[in-house]
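In our numbering, the protein residues as written are 106 to 1078. Ideal Cβ positions, reconstructed from N, Cα and C, are used throughout, including at glycine.
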């Protein structure tokens, strides 16, 4: 009976789908366990073997928990909005929904082929209107909420209106815009509806504001910081500039401290927690106000070291700071404007990372030191960010390296912080003849004491106040894209109005073009039917806009992280048409027990999702304020790229490629090897050059598809020529053995590097169970490791060996005989190790344990049902198809998926006997197995009576018999 993985795997995948084997119930007497993967974006490239790593790990754990008697929720879906589908639509004119659907079908087929135990009845797609209806609904809840600092939570905006009507806003302790105007209750009531709405926007958790954003002209959209690499867009490599735009934003900053505190209560990797901690960036210090000389303006500065205030010799503003244009003198205007324009082309990330470049421009204006009244020159510099703090710093060259470098570069003053300065006149403290100097209240030996003293003096004089600051900025929530969630917003008299929840979803309209309009509006500006009829409550033609009953709809769409900030809650009740999740479902599942995904989402998805979870908790919609109790970041599977070397003459390609044995790594060997030196003439001839041109001949490594290889390094030239047009008519210079070789190098597995391995091919040749076992066998889950297809054959051999334990040429061959103690020992040490490994997520060592167990049982010629059935359950989470098939062949009608996990019995590992080495004069001659509970005299009596002892002694009496029970027996002649 042969092991036919293709037939077996198709059979059981069909069985699971038809029977709904992995469907979770929202009401169960079993304890619950919720296992989740970060859902994929369905790209056109499909899955490569690196993608399933985390999915396989989560699937093993989900299956294990079912064996342990849990009601397991293990869902899957698609993060199906995003820029790639839109870019493809721009290039081809094909609607993103079509390409997304095609890509999803590919992903679903590939995922099914690997045998995951997903509950597909709960599938979600962020681009499905029935899903984003609830994303829009959550947006409305955020709009209709404010953050009350007194209760430390979000509350309904109606409660704020009640406060305004009763007492105005003077005593309101809220998270809001900085420039709030104080008003009384009567003043509030006298305002028009529009004026009241404008004030409420300053308090709402989602709000409109003019914000500095990363604008990518080529893509026609705003990008998040994590979508920009080295100053260009991650998608397409297009330039990105800083630009001020009216955008929807969310007050994630209101939750900064709670987001920090919450990290103490969740079991997440420490490096990820550190990333979030640093991103939130809590710092304690003071806000200090500097008057601008000759202007009715102040520059507010947040500093963590107010005790260094007497070392301030200049100020630096971010080039985007709102005061720059106002205070710059006529003489400095041209230089300042040029610098501002240049800075706009650099991303915030680049500016933060660049610690070496010193650049800046003097504005010509001066601030006044709050204590001394001394003029302080105001500069602009791109190392100061408008989005961090106040966009201004008080520069202390003798206390900060960057300030020092800046001062040295531009020849600015570098004062001593603790030098005596008479501040009595400025501070108006010359009372009763007492003069005050900075040293009177600034202790240079104790900066904490100095900070407290300076903050006290700042507050007393009205120059500033103590403050806790956060690096975390409010999140820009608008994108100038088509393929995203539409906002449920229309505009009346210029003010945003929310569409009632009962009229959701507001579905994406049809457009002819997916690019921004010619006058710069977002792609939805191309829609002809994109206006809101407030009487009929439906989307109507733009031609009907009268701004009385029919109004324009929002043209921006939501960012990619909108749908992924709450999808884990939707899985709990994904088919509920009336609620985003029912109370019964969310009270049962509560939170994700195990979440597996990439560390690259630390300060994006994972931070925003925690924010939304806390908000929904505040509003009484969820029972817990952290969505995932435990999180694991899986490592990356790397690909092994293949390179050939292209000849270049004066920087231009000569369409000649060289075998890799002309190179050491990526370095040309030249005359170091005689065989290769003799080939130099051939290189030059095929390149159309002479020896005189040799010095200008260069070589560059070029990626080729790994499918063009025969074996590990040899290139199949026929396959290479047919792979891509530019290789078809090229010249090739073979290496020393007449072969054309590639150079292999481990890199990130990527379609652009042509080193991806398609899991479909692996499943076809070796089976999904082999793929699952091999990916776990590569190394610890959290580590990065290289893929090497050649290694999978060993795992495939193991599965065939496992198959043979149960079968012979006639079919299943299993005995009901009682197992031996050795067989029980192998089983129970395997149970113990595998259970420990799964609980510790050490899946790689489990695979080794399975191999050892099968080898031992094969050597023991074990075919006992009492041993082999529990072994199948142990292996089932890792290799479910072969386990299901053998379980069925053993006569079971139900799936192995929910069979109880074997119970470890320690007694089978307790040794009852010892195989003693019996030595004569220190040399071991034979072994003898004896019970461990035998006394020393009984051991000696038994050994001396043994025939092999008698043969060794040959009638002689031993001088001494040395016995250490449980260890040694030595007979001295």
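Start-to-end residues for the alpha helix (DSSP H) that takes in residue i
i, result
"residue 956", "948-964"
"residue 713", "710-723"
"residue 879", "873-882"
Cβ-Cβ distance between residue i and residue j below 8 angstroms
i, j, result
"residue 697", "residue 722", "no"
"residue 1106", "residue 145", "What the structure shows of the chain is the stretch from 106 to 1078, and residue 1106 is not part of that stretch, so it cannot be assessed."
"residue 290", "residue 270", "yes"
"residue 753", "residue 833", "no"
"residue 886", "residue 140", "no"
"residue 328", "residue 586", "no"
"residue 813", "residue 805", "no"
"residue 229", "residue 679", "yes"
"residue 359", "residue 341", "no"
"residue 951", "residue 904", "no"
"residue 561", "residue 657", "no"
"residue 501", "residue 416", "yes"
"residue 712", "residue 361", "no"
"residue 958", "residue 931", "yes"
"residue 318", "residue 352", "yes"
Of the residues the options, the one placed nearest residue i, counting alpha carbons only
i, options, result
"residue 982", "291, 942, 258", "942"
"residue 1064", "1025, 1044, 1040", "1025"
"residue 482", "504, 517, 506, 488", "517"
"residue 521", "413, 511, 162, 437", "413"
"residue 263", "257, 254, 276, 246", "246"
"residue 463", "276, 510, 497, 428", "510"
"residue 676", "199, 239, 398, 200", "239"
"residue 213", "279, 122, 167", "122"
"residue 845", "569, 763, 718, 275", "763"
"residue 955", "923, 988, 926, 236", "988"
"residue 694", "1017, 133, 106, 120", "133"
"residue 809", "619, 990, 1041, 826", "826"
"residue 1067", "574, 1045, 265", "1045"
Between the CA atoms of residue j and residue i - distance to the nearest angstrom
i, j, result
"residue 533", "residue 478", "Reliability fails at residue 533, whose pLDDT of 47 lies under 50, so the model's placement of it is uncertain and the value that follows must be treated cautiously. Roughly 11 angstroms separates the two Cα atoms."
"residue 422", "residue 406", "10 angstroms"
"residue 937", "residue 137", "24 angstroms"
"residue 536", "residue 282", "In this prediction, residue 536 has a pLDDT of 39, which is less than 50 and means its spatial position is unreliable; what the coordinates show is noted afterwards. Their backbone Cα atoms lie some 39 angstroms apart in a straight line."
"residue 538", "residue 433", "Unreliable positioning characterises residue 538 in this predicted model, as indicated by a pLDDT of 42, which lies under 50. A coordinate reading is not provided."
"residue 380", "residue 706", "10 angstroms"
"residue 647", "residue 627", "15 angstroms"
"residue 862", "residue 153", "5 angstroms"
"residue 777", "residue 769", "Summary for residue 777: the model assigns pLDDT 46, below 50, so the residue's position carries little reliability; its value from the coordinates is reported in the next sentence. Whole-angstrom Cα-Cα distance: 10 angstroms."
"residue 550", "residue 556", "Reliability fails at residue 550, whose pLDDT of 49 lies under 50, so the model's placement of it is uncertain and the value that follows must be treated cautiously. Whole-angstrom Cα-Cα distance: 11 angstroms."
"residue 54", "residue 856", "The first residue shown for the chain is 106 and the last is 1078, placing residue 54 beyond what the model contains."
"residue 792", "residue 836", "8 angstroms"
"residue 160", "residue 334", "28 angstroms"
"residue 117", "residue 206", "26 angstroms"
"residue 107", "residue 994", "13 angstroms"
"residue 1060", "residue 1052", "12 angstroms"
"residue 1021", "residue 1015", "17 angstroms"
"residue 692", "residue 710", "24 angstroms"
"residue 540", "residue 476", "Any reading at residue 540 needs caution, since the residue's pLDDT is 49, under 50, leaving its predicted position unreliable; the model's value is listed next. So the alpha carbons of these two residues sit roughly 13 angstroms apart."
"residue 667", "residue 198", "26 angstroms"
"residue 743", "residue 484", "47 angstroms"
Residue interval of the beta strand (DSSP E) (run including residue i)
i, result
"residue 143", "Careful: residue 143 lies outside any beta strand (DSSP E) and carries neither H nor E."
"residue 994", "Where residue 994 is concerned, there is no enclosing beta strand (DSSP E), although the alpha helix (DSSP H) it sits in stretches over 985-994."
"residue 734", "No beta strand (DSSP E) holds residue 734; DSSP gives it neither H nor E."
"residue 1032", "1028-1036"
"residue 1044", "No beta strand (DSSP E) contains residue 1044, which is instead part of the alpha helix (DSSP H) from 1041-1050."
Residue i beta carbon near the ligand SAM (any heavy atom closer than 7 angstroms)
i, result
"residue 696", "The ligand SAM is not part of this structure, which contains no ligands at all."
Exercise for the section: Enumerate, from N- to C-terminal direction, the unbroken beta strand (DSSP E) stretches of 3 or more residues contained entirely within the region 167-210. Expected result: 176-178, all fully within the region 167-210.
Handout entry: Ranges of the beta strand (DSSP E) found wholly within the region 232-273, counting only runs of at least 3
Key = Considered as a whole, the region 232-273 harbours 250-253, 258-261 as its complete beta strand (DSSP E) runs of no fewer than 3 residues, in chain order.
Problem - alpha helix (DSSP H) runs contained entirely in the region 292-329, provided each spans 4 or more residues - result: Runs found: 298-306.
Handout entry: Every unbroken beta strand (DSSP E) inside the region 730-773 [3 residues or more]
Key = The DSSP assignment places complete beta strand (DSSP E) segments of no fewer than 3 residues inside the region 730-773 at 736-738, 742-754, 757-763, in order along the chain.
Problem - Start-end ranges of the alpha helix (DSSP H) lying completely within the region 449-516, minimum 4 residues - result: Taken in chain order, the whole alpha helix (DSSP H) runs of length 4 or more contained in the region 449-516 are 453-458, 506-515.
Problem - beta strand (DSSP E) runs wholly inside the region 585-627, at least 3 long, in chain order - result: Counting only runs of at least 3 residues, the region 585-627 fully encloses the following beta strand (DSSP E) elements, listed from N- to C-terminal order: 594-597, 600-603.
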